[in-house]
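All the letters of the sequence shown, read from the start, carry residue numbers 204 to 654 under the numbering used here.
Note that the Cβ used here is the ideal one computed from N, Cα and C, for glycine as well.
Please read the structure below before turning to the comments.
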Amino acid sequence: MKRLLTLLLLAIFTLALLVGCAERSPLDPKNPVTLSMWHNYGGDMQSSMDMLIDQFNSTVGKEQGIVIDVTAISSSSELNKNLTMIANGDPGAPAMPDIFTGYPKVAAQFLEKDLLVDLKDYFTDTELSQYVDAFVAEGIFPDGGLYVFPIAKSTEVLYVNKTLFDRFAKATGASVEQLSTFEGLADLSRLYYQWTDSQTPDVPNDGKQFYAADSWFNFTEVGAVQKGGSLFAGEALDLDSDFFRSIFETLYIPAAEGGFSIYDGYSSDLSKTGDIICSTGSSAGILFYGDTITYRDGTVETVDYSILPYPVFEGGTKTALQRGGGLMVAKSTEQKEYAACLFIQWLTAPEQNMQFIAETGYLPVTKQAFEEDMPVLLDTLEDLRIREMLTSVLSMYDSYTFFTAPNYSDFDTQSSTFEQDLKAFLTEARSRYLSGVPQTAADALTEFLQP
């Protein structure tokens, strides 16, 4: 009965959407408008997108006079390269598509040339209120306009090799509850390094690392927000704060002593070889974690993973980053802009959106999908990894605040530079520690902050 009621409400929602659109539609079904679309979805997501576009073209598109024509499918990097050429007006740049996927950094380039539609011109406040607030907020720029519409999102979670952790806990008394804070992770990482190092007493300093982060910038940025602050002052990094000092110390000590892994690559790579026990990374990365690990000597072991909510710094609020690409619409004619927004509204409605994300590990973007449809979906999922990840994210949806990184043109460059500098500094700190000349966290911070 609950499922039947949900379907009925969806039908009413879609009918109301179409009736409302028809009242102000500049479209003519007898003279359909064709919209070019570029996207970066591959694999299962491409199959889902293809199916949904075909469904739209044969139903709502046919009724309203809209044809969606996908003219380019490529990787994010290749897509961004072509979009950047368009934004810069480079010689040989392709024609700008009517609809395309991308991140806010891409939107910032187009906004400088006034090439994007403010989607608030086509969506009412009531319509936007049906979407997760933080997901919409990511596409809103300083001028108040909405230029990137959410379609599939992710947050960060803690991946834990339960098989290895249980073995470690049995031998040392470590508790899974300690994984709820970064300070607890830091303590466990030092204990794990010492425990693994002691197993080969004739070989010094060969302990194993415990934890890695896919992004140490995210580790720091989220930590600052959890502690009630920010890494930024306007459009510049501001690291002169007590909360940054606390975050740095929590990171520096286990990194220098060997418990945290500073690695150039995704932490799932280290997980698959048993070189770490846990890691923080995108919830959309769930499919990169299998059910086996292959040790460096070629031994293969079957393992289980637990997926836990994102850890919180002690005394901080439950806060996690949300991110993901969205859909943008090129400025053109009223007819094309209206048609593009009608397609986006249909595509991101709960029923279609759930079809799009069900087998991918991404998150839906409407409140109804989170609050009503996701619990139903969990009962039907055959992939236990995705089921456990979505269960964890659902618990975060109820108790965490999702925040959005700043939107400005230099953000990516600043965050990338910070990440590279921090990793290089922590790698050197590990070398100093092993050579017998370690620094205190306070001295290390002073050196790191030097211009």
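- Taking C-beta separations shorter than 6 Å and ignoring five residues to either side along the sequence, the partners of V263 in its chain run W549, following chain order.
- Under the three-state reduction of DSSP, E438 is assigned to coil, being neither helix nor strand.
- About 7 Å separates the Cβ atoms of V425 and A523, confirming a contact at the 8 Å cut-off.
- Taken in chain order, the complete alpha helix (DSSP H) segments of 4 or more residues contained in the stretch 543-630 are 553-560, 577-581 and 587-602.
- Contact check between the stretch 376-389 and the stretch 509-519: three or more CB pairs, one atom from each, fall below 8 Å, which counts as touching.
- Here R590 is near L584, since their CB atoms are less than 7 Å apart.
- Out of K308, L440 and Q429, the CA that lies nearest to the CA of T520 is found in Q429.
- With contact defined as three or more Cβ pairs closer than 8 Å, the stretch 531-540 and the stretch 318-332 are in contact.
- Rounded to the nearest angstrom, the Cβ distance from S485 to E359 is 6 Å, consistent with a contact under 8 Å.
- At a cut-off of 3 residues, the continuous stretches assigned as beta strand (DSSP E) that sit fully inside the stretch 335-406 are 357-364.
- The way I'd put it, the stretch 494-501 doesn't touch the stretch 266-274; fewer than three beta-carbon pairs between them come closer than 8 Å.
- With respect to F573, Y600 sits close: the two C-beta atoms are nearer than 7 Å.
- In the three-state reduction of the DSSP assignment, I450 falls in the helix class, which pools H, G and I.
- Cβ-Cβ separation between Y396 and G437: approximately 40 Å, too far for a contact (criterion under 8 Å).
- Under the DSSP definition of a beta bridge, E504 partners with I496.
- A290 places its beta carbon 7 Å or farther from that of Q525.
- Here DSSP, grouped into helix, strand and coil, assigns G246 to helix.
- A residue is called buried once 16 or more other Cβ atoms fall within 10 Å of its Cβ, and Q555 is buried on that count.
- The residues R590, L593 and T594, in chain order, have a CB closer than 7 Å to that of L581 in the same chain once the five nearest residues on each side in sequence are set aside.
- A residue is called buried when at least 16 other Cβ atoms come within 10 angstroms of its Cβ; N408 does not meet this threshold and is exposed.
- Secondary structure at I276: strand, using DSSP grouped into helix, strand and coil.
- Boundaries for G264: no beta strand (DSSP E) harbours it, while the alpha helix (DSSP H) harbouring it runs V263 to Q267, taken from the DSSP string.
- Put simply, of T607, C481 and Q653 the residue whose alpha carbon is nearest the alpha carbon of G387 is C481.
- DSSP places I510 in the strand class (E or B) of the three-state scheme.
- For S470, the enclosing alpha helix (DSSP H) starts and ends at S470 to S474.
- Taking C-beta atoms as the reference points, L629 and F451 fail to come closer than 7 Å.
- Using a Cβ distance threshold of 7 Å, K365 and S509 count as a contacting pair.
- Here A487 is near Y565, since their CB atoms are less than 7 Å apart.
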